[in-house]
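Working notes, structure below.
In the working numbering, the protein residues as written are 22 to 128.
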């Protein structure tokens, strides 16, 4: 039972730390950094499986917490794309910058 609680605690700690990292990367528009990190851990997992190396349970718990954020992001992204596919094609007219407008009026 103590081992189970230890893994549960590790999952929660990983979940909180990855949540902070995920929130900051999304706020700063650095999604590629988070997905690069997820791709690296996936590559590590697949290499360990391919070469029949032992996988530490701590790593699997960390990977599960990380997969949760990636899966939730992909679900939200899919819902946003389905909700408004036609709104992106309709754009309001853009105005000229002040300098360009003055050059246009001068001509």
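For every residue, glycine included, the Cβ atom is placed at its ideal position computed from N, Cα and C.
Asked	Found
Pairwise C-alpha distance: residue 36 and residue 75	23 Å
Inter-residue spacing [alpha-carbon to alpha-carbon] between residue 78 and residue 92	21 Å
Touching by the beta-carbon criterion (3+ pairs, under 8 Å), the region 94–101 and the region 59–72	no
Contact under 8 Å by Cβ, residue 43 with residue 80	no
Pairwise C-alpha distance: residue 56 and residue 30	24 Å
Closest Cα partner of residue 85 within the set 72, 103, 70 and 59	59
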